[in-house]
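S.K.:
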Amino acid sequence: MTTRRGTVFRTLITNPVSILALIWLAIVIIGMLIVIPLISRYSPTEQDLAATLQLPSAAHLLGTDSLGRDILARLAWGSRVTITGVVIVAVIANVIGATMGLIAGHFRSGLDATFTAFADMLQSIPALVVLLSVAAVTSRNVTVVMVVLGVLMSAGAYRVFRASTLNIRGELFITAARTSGLREGQIMVRHELPRLLGQLVIQSSIIASLAIVVQVGLGFLGIDAAPPNPSWGGMIKEASTSIYTNIWPLIPTSAVVVLTILAFSTLGDVAQRAVLGRRRHNGLSRAKISRSVAKTAARASGATVSATQVASTAASAGAAAGAINPMLVISDLTVSVPKDGSSVKLVSNVSLTLLPGEVVGLVGESGAGKSVTARAALGILPAGATATGSVVLDGQEVLGASEQTLQKLRGSKIAYIAQEPMAALNPAYRVGNQLIEIVRTHQKLSRKAARQRAIQLLETVQIKNTEHVLKAYPHQISGGMAQRIVIAIALSGDPDVIVADEPTTALDVSAQMQILDLLRTLQKERDLAVLLVTHDWGVVADLCDRGIAMYAGEIVEEAEVAPLFAHPRHPYSMALRASDPHAQKRGGRLHSIPGVVPPPGTWPSGCRFADRCGFATDACREQAVPLELIEDRHAVRCIRVDEIVVEIEELRHESVTGERTAVRAEAVEHDALERVTREQAAADSAAVESAAVERVTIERVSVD
Amino acid sequence: MLSRQIREHPLLGGKELLVILLRRLAVSIPLLFAVSFLTFLLVSLTPGDAAYTVLGSSATPDQLAALRQQMGLDQPILVQYLNWVTSALQGNLGHSLITGQSVSEAIFQRLGPTLSLVGIATVAIVVIAVPLGLTSAVRGGRLATSIDTISFAGVAVPNFILALFAIPVFAVWLHWLPPSGYVPLASSPNKWALSLVLPVATLAFGAVGIIAKQTRAAAEDVMSSEFVTVQRANGYARQSIIWKHVLKASAVPIIAYLGVVIVTLFSATVLIETIFAIPGLGGLAVQASSQGDLPMLLGVTVVFTLIIVLINIVLDVVYALVNPKVTFR
Ligand code: SF4
Chain Y
422 MTTRRGTVFR TLITNPVSIL ALIWLAIVII GMLIVIPLIS RYSPTEQDLA
472 ATLQLPSAAH LLGTDSLGRD ILARLAWGSR VTITGVVIVA VIANVIGATM
522 GLIAGHFRSG LDATFTAFAD MLQSIPALVV LLSVAAVTSR NVTVVMVVLG
572 VLMSAGAYRV FRASTLNIRG ELFITAARTS GLREGQIMVR HELPRLLGQL
622 VIQSSIIASL AIVVQVGLGF LGIDAAPPNP SWGGMIKEAS TSIYTNIWPL
672 IPTSAVVVLT ILAFSTLGDV AQRAVLGRRR HNGLSRAKIS RSVAKTAARA
722 SGATVSATQV ASTAASAGAA AGAINPMLVI SDLTVSVPKD GSSVKLVSNV
772 SLTLLPGEVV GLVGESGAGK SVTARAALGI LPAGATATGS VVLDGQEVLG
822 ASEQTLQKLR GSKIAYIAQE PMAALNPAYR VGNQLIEIVR THQKLSRKAA
872 RQRAIQLLET VQIKNTEHVL KAYPHQISGG MAQRIVIAIA LSGDPDVIVA
922 DEPTTALDVS AQMQILDLLR TLQKERDLAV LLVTHDWGVV ADLCDRGIAM
972 YAGEIVEEAE VAPLFAHPRH PYSMALRASD PHAQKRGGRL HSIPGVVPPP
1022 GTWPSGCRFA DRCGFATDAC REQAVPLELI EDRHAVRCIR VDEIVVEIEE
1072 LRHESVTGER TAVRAEAVEH DALERVTREQ AAADSAAVES AAVERVTIER
1122 VSVD
Chain G
2 MLSRQIREHP LLGGKELLVI LLRRLAVSIP LLFAVSFLTF LLVSLTPGDA
52 AYTVLGSSAT PDQLAALRQQ MGLDQPILVQ YLNWVTSALQ GNLGHSLITG
102 QSVSEAIFQR LGPTLSLVGI ATVAIVVIAV PLGLTSAVRG GRLATSIDTI
152 SFAGVAVPNF ILALFAIPVF AVWLHWLPPS GYVPLASSPN KWALSLVLPV
202 ATLAFGAVGI IAKQTRAAAE DVMSSEFVTV QRANGYARQS IIWKHVLKAS
252 AVPIIAYLGV VIVTLFSATV LIETIFAIPG LGGLAVQASS QGDLPMLLGV
302 TVVFTLIIVL INIVLDVVYA LVNPKVTFR
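Residue numbers (the working numbering), protein chains in the order written: chain Y, 422 to 1125; chain G, 2 to 330.
In structure tokens:
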């Protein structure tokens, strides 16, 4: 909304489009307003009845009007009326709008409501009609008319300035300024006002472009310069009398008006873009997928292939053994989004397998690519993203499948439970409407039967007062209830696979427990395969058969839950486990991992965890680390995986004394990990925050 | 951005339709008084008063004084205003200084063309712009770019200039449509429709781009929300997600914008009616303004404002219908 003024001005003088606009305005203001009246050989009122309605010639660069007057000269002299008017309007509208907006936005409460009501009034006034009255009673005093227009237009400016001030007001440094004892007035003038300057540029341009339309319109109605004195509007009026016979005079006149409006609105547009950033993309537009490219790319890098092959082996070992067909096979999945002309990977060469009835947890911090991977299973990619590799759902390729095919798979083969239940339902429709719609999408049912089925579904997710819930709007129910409804929606097509993306993160603790219980029950009852995204190690231990730790877009460790939980082998998994609140009952210390996941596009070429790893050596940074099987169904992406065991064991030995062995050993292990996990933080809130950050990151990446 | 402005809007943040309507009235009634009183005040400040307009420059001071007394112009301004309000509330807006015709009657005669013009233009804008905006929000690419262009052109080319170019092209060269004039619906529905094509098209042109752009922005906002992902991921039909769910969820800011646009349409009728010689309120205002027919001008201004107030009330109800957070009690 707001920005330092530097950005806006700099954008205006560097953006090619706004440069053109500025050049045109310079032509109008310097050329027409000042220079031409000085040098032109024609007077704007000088008639030449021998040379009426002429096309452009050397004598009359823009031709002549129906009285033989030089059009260029009249346009130049006429620019004064328009420019003066526009300046008056822009100044008045901005001064009133900014002042009132600043006050209303800053103080809120009663003043805000009053001013906004006033702005509403002003915006309900038919401007042109009122201006006609003003013109009539002031005997066409153009200045007064423009002043009134400025007042009327201040309402629009007021809204923008108010909203901007509200935005700035909430920012940290304003709060800081307040606590440091600055008075409200000082805060407004010193801190808030300067931040509104960018907005001032935008508003001035927008108001100017609108004011010209009205000013020229009034001129067209004969309310500005008294004939024969020229004005742009008056010239259009004159030109309009000959449009049936000779349209020429209308063309240069209109062109000048239109170009000037265009110039101002371009400036406003460019400035606004500079402030707001680029337009957002959206998820409904189709993502491009190129599997063939993936294969070639994968083949090109031998290391990657071997890594993913190992991972696939690890995962499908069980499948091979029991000769069960996997429900979901993701192989060599790489998802990239375009950024600044190149492409940035969000997830690289991820392979995983989900067997029927199996629950697999994807764990990791924000930015690890868990959600991107999980959503790819549904054929949903971040906006503008490209995917390579393959995602096979029950024998059917998902990547690159048509929207129709996907629509059939989604809900009936694979379904999705989202992180924020309150945002997961359409606020505009009743729960019943949304639930019945999806029931009828999956099954041809009458409205009544569908309703019965909806009630059944609600009962399945343990909702009691079903009738009441069906009639409720999403904003009328709790987060836990909303999540149950989302689960009911997910179950409506009787899917085999459920992708649950942090299904409990946004809920309060008791709702978390209930939803986890519900998921466990449903999974058992229906033998669902679940891909569960979570940052919570405890949830993995609680619900999953297998866990996959992801870091910086790749899998770093994959194992059955028991070994993964008891003996994580990758330093990142160890740190994650150490920072898990459930694992720390005894120590009472919460560990979180210092540093952050390197954002997509900045992944190191060696081990991506090296910068945060307490065991890192130079060798780690040299080249990409492959994911390797260390034992049956346990893969780790760490070249020092064996040495680390020894190192920890040594540390443990050094401090073994007497009966406190176990406790000490644990403490020592923590100490070793302390190199990894130095910071103290409330893991719970940090986790919620990091989940939120992850979403933001995903969104931002897809935006840029 | 707009949806957020609306959420923070102290007047639109209401929870009950009744509250919203009461708030609307709390703004509208003072507005009507303010507009009429200010116009009234302006009129009284004018050097040459109504009596002067009626009698012209040849009138003797005695004649002027007599007429002033007869018209109540010698009374204090507040009394004059109260008199005007009292009779206005009974539907009597005074008489034209020029023709002597009753202002209410003149306005009533001219209401039809203006309402047809703005009404049809509004429908055209909604029917064209909303699907266009929604489709471009989904597809992006070329469609989005062309909407940007249309809306830019709509802003840059004032509709009266567009009308001046449209007349020679469609009426003079192509002979498809009448260049100007208005045929009442009652006399020939066919000709009525034809006579409105150009005025409606030029009037709606600018707003189509603007509303399409707003629709796109609002829809893009909605489409980035979680529920769209959830619906896609769980197999809701694509068409239903776009044309049912996203559309309704993004309706609130679109309606708010439509309100603003309708006000500008009414303003623009002033020029469009003049150019196409449509005997409507806008044309009446221009005529009254140029003749200094102040009672007429006052009446037209108040009626225009009243119409806009009524439209805002209708939009409030529509807003309440699409926004489940508004309850009906
Ligand atoms: S490869 Fe090296 S840096 Fe990476 S996790 Fe293993 S020990 Fe740490």
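Each residue gets a CB set at the ideal place from its N, CA and C atoms; glycine is no exception.
Would you say residue 325/G lies against chain Y (beta-carbon separation less than 8 Å)?
M.R.: Yes, its Cβ sits closer than 8 Å to a Cβ of chain Y.
S.K.: Listing by chain order, which chain Y residues have their CB less than 7 Å from the CB of residue 314/G?
M.R.: In chain order: nothing, as chain Y lies at least about 11 Å away.
S.K.: What residues in its chain sit with their C-beta under 8 Å from that of residue 582/Y, if we drop five residues either side in the sequence?
M.R.: The residues are 518, 519, 521, 522, 523, 526, 617, 620, 624.
S.K.: So for residue 926/Y, helix, strand or coil by DSSP?
M.R.: Coil, per DSSP.
S.K.: Do residue 846/Y and residue 808/Y count as a contact pair if the criterion is CB distance below 8 Å?
M.R.: Not in contact: residue 808/Y and residue 846/Y (Cβ atoms no closer than 8 Å).
S.K.: Go through the segment 934-985 of chain Y residue by residue and report every complete run of the alpha helix (DSSP H) that reaches 4 residues or more, in order.
M.R.: Those alpha helix (DSSP H) runs which fall completely within the segment 934-985 of chain Y and span 4+ residues are 958-964.
S.K.: Can you tell me whether residue 201/G is buried or exposed? The criterion is at least 16 other CB atoms within 10 Å of its CB, across all chains shown.
M.R.: With 16 or more other Cβ atoms within 10 Å, it is buried.
S.K.: Report the CB separation of residue 908/Y from residue 782/Y in whole angstroms; it is logged as a contact under 8 Å.
M.R.: Their Cβ separation, rounded to whole angstroms, is 18 Å, which puts residue 908/Y and residue 782/Y out of contact at 8 Å.
S.K.: Does the count of Cβ pairs from the segment 246-263 of chain G and the segment 866-873 of chain Y closer than 8 Å reach three?
M.R.: These segments do not touch.
S.K.: Just reading off the beta strand (DSSP E) that residue 385/Y is part of, what are its end residues?
M.R.: With chain Y covering only 422 through 1125, there is no way to say anything about residue 385/Y.
S.K.: Unbroken alpha helix (DSSP H) runs of length 4 or more, entirely within the segment 236-317 of chain G: which are they?
M.R.: Within the segment 236-317 of chain G, the complete alpha helix (DSSP H) runs of at least 4 residues are 252-276, 282-292.
S.K.: So, with DSSP's three-state summary, where would you put residue 1149/Y?
M.R.: There is simply no residue 1149/Y to check, as chain Y begins at 422 and stops at 1125 in what is shown.
S.K.: Residues of the segment 825-838 of chain Y with a CB closer than 7 Å to any CB of chain G: list them in chain order, please.
M.R.: Here the close residues are 828, 831, 832, 833, 836, 837.
S.K.: In three-state DSSP terms, what is residue 1082/Y?
M.R.: Here residue 1082/Y scores only 46 on pLDDT, less than 50, and its place in the model should not be relied on; the value that follows carries that caveat. Of the three classes helix, strand and coil, the one that applies to residue 1082/Y here is helix, per DSSP.
S.K.: Grab me the residues of residue 272/G's own chain with a C-beta within less than 6 Å of its C-beta, minus the 5 sequence neighbours each way, in chain order.
M.R.: Excluding sequence neighbours, residue 272/G sits near 161.
S.K.: For the ligand SF4, I want to know if residue 982/Y counts as a neighbour, meaning its beta carbon is within less than 7 Å of at least one of the ligand's heavy atoms.
M.R.: Not so, every heavy atom of the ligand SF4 lies at least 7 Å from the Cβ.
S.K.: Is it the case that the segment 126-144 of chain G contacts the segment 628-646 of chain Y, given that we only count it when at least three CB pairs across the two stretches are under 8 Å?
M.R.: In short, these stretches do not touch, since the Cβ pair count stays below three.
S.K.: With a cut-off of 8 Å on the beta carbons, I'd call residue 218/G and residue 155/G a contact; round off their distance for me.
M.R.: Contact doesn't hold; Cβ gap of about 15 Å is too wide.
S.K.: Against residue 228/G, what residues of chain Y qualify as contacts under a CB-to-CB distance less than 7 Å, listed in chain order?
M.R.: Those within 7 Å of residue 228/G in chain Y are 844, 845, 846, 847.
S.K.: Would you mind telling me which residues of chain Y sit closer than 7 Å to residue 293/G, beta carbon to beta carbon, in chain order?
M.R.: Per Cβ cutoff of 7 Å: 557.
S.K.: Can you check DSSP and say which residues form a bridge with residue 540/Y?
M.R.: None; residue 540/Y has no bridge partner.
S.K.: On the criterion of 16 or more Cβ atoms from any shown chain inside 10 Å, does residue 1071/Y qualify as buried, or is it exposed?
M.R.: Label assigned to residue 1071/Y: exposed.
S.K.: List, in chain order, every chain G residue whose beta-carbon is nearer than 7 Å to that of residue 544/Y.
M.R.: Per Cβ cutoff of 7 Å: 261, 264.
S.K.: Pairs of beta-carbons, one from the segment 310-323 of chain G and one from the segment 228-243 of chain G, closer than 8 Å: are there three or more?
M.R.: They do not touch, by the three-pair rule.
S.K.: Can you list the residues of chain G that residue 862/Y reaches, using a CB-CB cut of under 7 Å?
M.R.: Ordered by position in chain G, the residues that pass the 7 Å Cβ test against residue 862/Y are 236, 237, 238.
S.K.: Can a CB atom of chain G be found closer than 8 Å to the CB of residue 1121/Y?
M.R.: With a pLDDT of only 34 at residue 1121/Y, under 50, the local geometry of the prediction cannot be trusted, and the value read off the model is given with reservation. Not one chain G Cβ lies under 8 Å of residue 1121/Y.
S.K.: Mapping DSSP to helix, strand and coil, what is residue 838/Y?
M.R.: Three-state result, residue 838/Y: strand.
S.K.: Keeping to the same chain, check which residues put their C-beta closer than 6 Å to that of residue 905/Y; ignore five residues upstream and five downstream.
M.R.: Answer for residue 905/Y: 882, 884, listed in chain order.
S.K.: Pick helix, strand or coil for residue 898/Y, following the three-state DSSP scheme.
M.R.: Looking at residue 898/Y - three-state DSSP - the assignment turns out to be coil, as it is neither helix nor strand.
S.K.: What does the Cβ neighbour count give for residue 141/G, buried or exposed, with the cut at 16 atoms within 10 Å?
M.R.: The residue is buried, with at least 16 neighbouring Cβ atoms inside 10 Å.
S.K.: For residue 710/Y, which three-state DSSP category applies?
M.R.: Note that residue 710/Y scores 42 on pLDDT, short of 50, meaning its location in the model is unreliable; the coordinates nonetheless yield the value given after this. It is a strand residue.
S.K.: Could you check what DSSP says for residue 19/G in three-state terms: helix, strand or coil?
M.R.: Looking at residue 19/G - three-state DSSP - the assignment turns out to be helix.
S.K.: Can you name, in chain order, every residue of its own chain whose Cβ lies under 8 Å from the Cβ of residue 323/G, other than the five neighbours on each side?
M.R.: Within the same chain, residue 323/G has close Cβ partners 249, 252, 253, 256.
S.K.: At a cut-off of 7 Å, would you count residue 1060/Y as near the ligand SF4, judging by its Cβ distance to the nearest heavy atom?
M.R.: Within the cutoff, so yes.
S.K.: Any heavy atom of the ligand SF4 closer than 7 Å to the Cβ of residue 991/Y?
M.R.: Yes; taking the cut-off as 7 Å, the Cβ of residue 991/Y has a heavy atom of the ligand SF4 nearer than that.
S.K.: When DSSP labels each residue in this structure, what does residue 1130/Y get in the three-state scheme?
M.R.: Given that chain Y is displayed from residue 422 to residue 1125, the structure contains no residue 1130/Y and the question cannot be resolved.
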